[in-house]
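To start, the structure itself, in C-alpha cells.
Protein chains: 2
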Amino acid sequence: MELAKQFRTMINKMQAYEYVFSLLGWDSNTEAPRESHKRRAEIMGVLSQELFALQTAKEYQDVVNQLYSEIDTLDDQLQREVKKAKKALDKVINIPMNEYVEYMQLGQLSQLVWEDAKQNNDYESFKGNLKQLIEFNKKFALYYAPEKDPYDTMLDDFEEGMTSKEYDAFFGQLKDELVPFVREVLKHPNHKYDSFINDSFDSKKQEQFCDYLIDVIQFDRNRGLMKKSVHPFTWNTSPEDVRFTTRYLENYVFSSIFAAIHELGHATYEQQISTEWDNTLLHGGTSMGIHESQSRFYENTIGRSLEFWKANLGKFKEIFPEQSKGIELEDMYQAVNRVEASLVRVEADELTYPMHIMLRYEIERMLMSGEASVDELPELWNDKMEEYLGIRPETDSDGVLQDVHWSGGMFGYFPTYALGSAYSAQIYYAMLKDLDLPKLIENNQLEKVNEWLKEKIHNFGSSKTPKELLLEVTGEEFNAKYYIKYLKEKYSELYL
Amino acid sequence: MELAKQFRTMINKMQAYEYVFSLLGWDSNTEAPRESHKRRAEIMGVLSQELFALQTAKEYQDVVNQLYSEIDTLDDQLQREVKKAKKALDKVINIPMNEYVEYMQLGQLSQLVWEDAKQNNDYESFKGNLKQLIEFNKKFALYYAPEKDPYDTMLDDFEEGMTSKEYDAFFGQLKDELVPFVREVLKHPNHKYDSFINDSFDSKKQEQFCDYLIDVIQFDRNRGLMKKSVHPFTWNTSPEDVRFTTRYLENYVFSSIFAAIHELGHATYEQQISTEWDNTLLHGGTSMGIHESQSRFYENTIGRSLEFWKANLGKFKEIFPEQSKGIELEDMYQAVNRVEASLVRVEADELTYPMHIMLRYEIERMLMSGEASVDELPELWNDKMEEYLGIRPETDSDGVLQDVHWSGGMFGYFPTYALGSAYSAQIYYAMLKDLDLPKLIENNQLEKVNEWLKEKIHNFGSSKTPKELLLEVTGEEFNAKYYIKYLKEKYSELYL
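Residue numbers (the working numbering), protein chains in the order written: chain S, 1 to 496; chain Z, 1 to 496.
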C-alpha cells in the first residue's frame with residue numbers, strides 16, 4: 001500500500017523531531033548550564049518551524065485525509081494510527097495561523113509571568129494572562145468541535161473518551177463518600193514521627209537508597225537510568241531508553257524515595273511496552289490516567305505498604321543507622337502514611353490528595369462554563385480548601401498560584417491525576433485475584449507484578465484506549481467504588 | 001542585501017541540525033543507556049538525510065556560488081564565511097553520490113572492524129578497510145583539488161593553510177634536535193614516585209579535586225559543566241554552553257587531573273569566544289592546532305609547573321591525606337613530570353609525546369604518497385617506535401591499532417597535536433613579555449592569564465586563521481624553536 005508507506009515515512013520524520021525536542025528537554029531539565037537557554041531557544045525556534053511545516057504540509061494532509069476516507073479498509077493498527085493522526089491534524093489546521101502564533105507567544109510569556117506571580121504572591125499580575133489562556137483554549141476547542149462543550153474537548157485531550165459527565169459522577173462520588181471520611185481521619189492527627197520524617201538525611205545517601213530501589217522495582221539499567229532534577233519526571237523515547245529523575249531534600253527523605261518509586265512506576269510502564277509500536281503512533285503509554293495509575297500503584301499500593309517496608313527497612317536502616325534508630329516496621333509504616341491537611345498538592349499524602357484534585361476540577365469546570373471568572377478565583381480556591389480540608393491558604397502562592405499547569409494552557413489535565421489513582425485501585429483488586437501481592441512485595445519479587453502488568457497493560461502501548469484496557473483488565477468499566485474502598489480500608493485501620 | 005539574508009537563514013537552519021547531532025553525541029558519550037543506540041541510530045538516519053539535503057540543495061549552491069562570484073564586494077566577515085561555505089560545498093558536491101554513500105557505510109563499518117581488531121590484536125582483519133579508507137580519501141581530495149597533492153588537501157582540512165612542506169620542516173627539526181635530547185633524558189629514568197603515582201585514589205575524591213580545578217582555572221559554571229566519560233572530550237554549542245569530561249582511574253590519579261586541566265583549556269577557549277560569532281560560520285575555535293595549543297598550555301605549561309603545585313598541593317593533600325603523606329612540593333613536581341618511553345600515545349608524557357606524533361605523520365605521508373603500503377604498516381610502525389623511543393610494541397593493539405582516527409577516515413589530523421604543542425610554546429614566550437606568569441600561577445590568579453588569551457586569541461573565534469593569529473600574537477610566523485627551547489630547558493633541569 002503506497003499511501004500507508006508515505007504515511008509511515010512522514011510519521012517517522014516527525015517523530016525524529018519529537019525525539020530531538022524530547023532530548024533538548026531532558027538536557028535542559030537535568031543538567032544544561034544556566035546560560036545555555038538562549039542558544040537552545042534559537043535552535044528550538046528553527047526546529048519547531050520545520051516540524052510545524054511537516055505537521056501541516058499539504059502532502060501530509062492529503063495522505064491522512066485519503067487514508068481516513070477509506071479507514072474501514074485498513075488493518076486495525078493502521079486504523080487507530082490514522083484516527084489519531086486525523087484528530088491531531090484537525091486540531092491544528094482549523095486554527096487561523098495568526099491565532100496559533102499569538103497563542104504560542106502567550107504561552108511562553110505566561111509561564112514567566114506565572115513564575116514571578118508565584119514568587120511574589122501577586123495573583124493580580126497573572127490574572128490577565130490566565131483569562132486570555134482560558135479564552136484561547138475555549139476558542140480552539142470550538143474550532144475543532146463546534147457542537148461540543150469545549151471543556152469536554154479539553155478533557156478528551158488528556159484522557160481519551162472522558163467527559164465532564166463522567167468526571168462529575170466520579171468527583172460527586174468522592175465528595176459524598178470520601179470527604180466525610182477524610183475529615184474524620186483528620187480529627188486524629190499523628191505527629192509521632194514528625195521529628196524522624198524531617199530529620200537530616202545526607203543527599204548522597206538518599207541517592208544510594210534510591211539507587212537500591214531501582215533493583216527492588218527491577219527496572220532494567222541497560223535500558224534506562226536515574227538522575228536528579230528540581231521536579232521529578234519520567235522521560236522516554238522508546239522502551240529501550242527510559243529515564244527518570246528524583247530530587248533530594250535533606251530534611252525530607254520521603255520526598256526522594258516516593259518520587260523515585262512514583263517515577264519508577266511510569267518508567268516501568270514505558271520499559272515494558274512492546275517495541276513493535278516503535279515508529280508508529282501507538283508507541284508510549286496510552287493515556288495520562290493509565291500512566292498515573294501505574295505510578296500511583298508503585299508509589300502507594302506497593303511503596304507505602306507494610307510488606308514493602310518489611311522487605312526494605314533493613315536496607316534503609318543500614319544506610320541511615322543514626323536517623324532510624326528505634327524505628328521499627330510498624331513505625332515506618334505509620335510514618336510513610338502520615339495524613340495531614342496540607343496546602344500544596346505535590347506534598348499531599350495519598351488520602352488527602354484527591355481532595356486537591358477535586359477542587360481543581362470543580363474550578364476548571366466553572367471557569368470553562370463561565371460560572372466563575374478569574375477575578376473570583378483566589379476566594380473560590382480558598383473557600384473550597386476550607387470546605388474539603390478545613391484549612392485556608394494565607395497566600396495565593398500556596399493557593400491558586402501553586403501549580404504550573406494553567407500557565408501553560410493545560411486545562412483538563414488535573415482530573416487525570418485523581419482518575420489515575422482510582423484506576424489504580426480497580427486494577428489492584430483485579431490483580432489480587434491472580435497474585436498473592438502482599439507475599440510478592442514482602443519477598444521483593446516484583447518481577448511477578450511487573451510481568452502481570454506487562455501482559456495486561458504495558459505491552460499494548462497506545463494500541464488500546466484507556467477504556468478498552470480497563471474493561472479487559474478488570475472485567476468492568478471504570479468504577480470509583482474500588483478507590484473509595486481501598487482508601488477507607490487502609491486509613492480506617494491506620495487512623496480510626 | 002537579500003542574498004546575504006538568504007545565506008544566513010540557510011546557515012542557521014543547518015546549524016540547528018549540527019546542534020542536534022552534537023547533543024545526541026554528548027548524550028550518547030556521557031550517559032545514554034546501553035540499549036538506546038538502536039532508536040538513536042534511526043533518528044540520526046532521518047536527520048542526516050535532512051541535513052544532507054540542505055547542504056547540497058540547489059538553492060543553497062546558488063546562493064553560495066552567487067555570493068562567491070561577488071566576494072570582493074562583501075564585508076570582511078561575510079567574505080570569510082562565504083569562503084568557508086564554498087570550500088565545504090565544493091568538497092561535497094564534487095563527489096559522485098554513490099561513492100559518498102559507499103564511503104559513509106565504509107566509515108561506520110570500519111569503526112567496528114577496528115574495535116574488534118584492536119581487541120583481538122588482529123591487524124590483518126582491519127587492513128582491507130584501512131586500504132579502502134586511504135583510497136577513498138585520496139580520491140575525494142583529488143575530486144576537490146586535482147592539481148594538489150592529496151595529503152596536502154587533507155592536512156589543510158584539519159589545519160587551514162598547513163602543507164606537507166611545512167610539516168616536513170617542523171618534524172625535521174624535531175627529529176634533528178629533539179630525538180637525541182629525548183634519548184638522552186630516557187637514560188636517566190625516574191621511578192622514585194611510581195608507587196605514589198599508581199597508589200589507589202577514590203574516584204569520588206578525584207572528582208572532588210577536579211571540581212576544585214574548575215575554580216582554579218576560573219571556568220564559568222553558569223556557562224558550562226564537567227561530567228565523566230570513557231574518553232575525555234570538550235563539547236560546545238556556543239560560548240554559553242561549554243561542557244567537558246574527564247575520566248577516573250582509581251590507580252592513576254594523574255589521568256583525571258590532567259585530562260580535566262587539558263579539557264579545561266579547550267573549554268576556556270570556547271567560553272571566551274565572543275558571542276558575536278554565534279549564528280555565523282566563524283563561531284568556535286579557529287583550528288585543531290590552535291585549540292590544542294590552548295589545552296596543552298593549560299595542561300602542561302600551567303598544570304605541570306612548579307608554581308601550580310605550590311598553589312594547589314595543599315588542596316590535593318587535604319583530599320588525599322594518606323596517599324600524599326611525605327610528598328612535598330618538589331616531589332609532586334617531579335612526579336607529574338615523570339618521563340618514560342611508552343607505547344601508547346594517550347598515556348605519553350609531555351616530552352615523549354611529539355615522538356608519537358612524528359611517527360604517525362611520517363607514516364601517513366608514506367601511505368598517501370604510495371611509498372608504503374598497508375601490508376608493511378605494523379613493521380614500519382614498530383621500527384619507528386624503536387628508532388625514536390627505543391622500545392618495540394609486542395602487539396599491534398599497542399602499536400598501529402591503538403588509535404581510532406584512521407578507522408574514521410581521519411588522515412592529516414595527528415600532526416595538529418604536535419603543532420598545537422609547538423604553537424603553545426611560541427605563545428608562552430610571547431605571554432612572558434606581558435605577564436609575570438609564574439607569579440600569577442603561584443597565586444592562583446589565572447583570570448589574568450585567561451584575560452590575556454581572550455584578548456589575543458579566544459575572542460576572535462574562527463574570524464582569523466591560525467597563521468594570522470600566530471603572527472599577531474607572537475609577532476612572527478610559526479617557529480618550532482620555541483617548542484624545542486621550552487622542552488629542553490624544562491627537562492634538562494629536571495633530568496640532566
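We put the beta carbon where it would ideally sit given N, CA and C, even for glycine.
As the structure is a computational prediction, the values presented were derived from the model and not from experiment.
Exposure label - residue i; buried when at least 16 CB within 10 Å
i: Z:Lys-464; result: buried
i: S:Ile-302; result: buried
i: S:Asp-241; result: buried
i: Z:Gln-206; result: buried
i: S:Leu-109; result: exposed
i: S:Ala-169; result: exposed
i: Z:Arg-223; result: buried
i: S:Ser-421; result: buried
i: Z:Arg-34; result: exposed
i: S:Asn-121; result: exposed
i: Z:Lys-433; result: exposed
i: S:Ala-57; result: exposed
i: S:Ala-53; result: exposed
i: Z:Ser-369; result: exposed
C-beta contact flag for residue i and residue j at 8 Å
i: Z:His-266; j: Z:Gly-461; result: no
i: S:Tyr-269; j: S:Gly-289; result: no
i: Z:Leu-89; j: Z:Val-64; result: yes
i: Z:Gly-409; j: Z:Gly-45; result: no
i: Z:Leu-47; j: Z:Met-14; result: no
i: S:Tyr-428; j: S:Phe-297; result: yes
i: S:Leu-225; j: Z:Glu-42; result: no
i: S:Asp-349; j: S:Arg-360; result: no
i: S:Ser-407; j: S:Gln-111; result: yes
i: S:Glu-307; j: S:Pro-438; result: yes
i: S:Tyr-123; j: S:Asp-331; result: no
i: S:Leu-281; j: S:Ile-11; result: yes
Contact belief for residue i with residue j at Cβ below 8 Å, rounded distance in angstroms
i: Z:Ser-238; j: Z:Tyr-423; result: Actually they do not touch by this definition, with Cβ atoms about 25 Å apart.
i: Z:Leu-174; j: Z:Met-358; result: 6 Å
i: Z:Leu-213; j: Z:Leu-264; result: 7 Å
i: Z:Phe-320; j: Z:Met-154; result: Not confirmed; about 44 Å, so no contact.
i: S:Pro-378; j: S:Asp-398; result: Contact doesn't hold; Cβ gap of about 11 Å is too wide.
i: Z:Val-185; j: Z:Tyr-495; result: 5 Å
i: S:Leu-419; j: S:Glu-160; result: With a Cβ gap of about 12 Å, S:Leu-419 and S:Glu-160 do not count as contacting.
i: Z:Lys-315; j: Z:Phe-209; result: 7 Å
Other residues of its chain near residue i: CB distance less than 7 Å, five sequence neighbours each side excluded
i: Z:Phe-254; result: Ile-197, Val-336
i: Z:Arg-345; result: His-356, Gln-402, Asp-403
i: Z:Leu-471; result: Glu-477
i: S:Ile-95; result: Phe-140, Tyr-143
i: Z:Glu-167; result: Note on residue identity: the sequence assigns Tyr, not Glu, to residue 167 of chain Z. Answer for Z:Tyr-167: Leu-155, Tyr-361, Pro-415, listed in chain order.
i: Z:Gln-218; result: Leu-446, Glu-447, Asn-450
Cross-strand partners of residue i (DSSP beta bridge)
i: Z:Leu-89; result: Paired residue(s): none; Z:Leu-89 is not in a bridge.
i: S:Met-226; result: S:Phe-244
i: Z:Ser-238; result: Z:Asp-241
Residue i beta carbon near the ligand MG (any heavy atom closer than 7 Å)
i: S:Val-63; result: With respect to the ligand MG, the structure offers nothing, as it holds no ligand at all.
Residues of its chain near residue i, where Cβ-Cβ distance is below 6 Å and the 5 sequence neighbours each way are ignored
i: S:Trp-235; result: Trp-26, Arg-243
i: S:Ala-425; result: Tyr-482, Tyr-483, Tyr-486
i: S:His-262; result: Ser-295, Glu-299
i: S:Tyr-103; result: Phe-136
Cut-off 8 Å between Cβ atoms - residues of its own chain near residue i, not counting five sequence neighbours on either side
i: Z:Lys-83; result: Tyr-68, Ile-71
i: Z:Ile-497; result: Residue 497 of chain Z lies beyond the stretch modelled for chain Z, which goes from 1 to 496, so this question has no answer here.
i: Z:Leu-435; result: Lys-448, Val-449, Trp-452
i: S:Leu-74; result: Ala-4, Leu-67, Val-82
i: S:Lys-228; result: Thr-30, Glu-207, Thr-245, Thr-246, Arg-247, Tyr-248
i: Z:Asn-251; result: Asn-198, Asp-199, Ser-200, Phe-201
i: S:Val-497; result: Nothing about residue 497 of chain S can be read from this structure; chain S reaches only from 1 to 496.
Within chain A, the residues that residue i reaches when beta carbons sit closer than 7 Å
i: Z:Asn-190; result: As a matter of chain content, chain A is missing from the structure shown, whose protein chains are S and Z.
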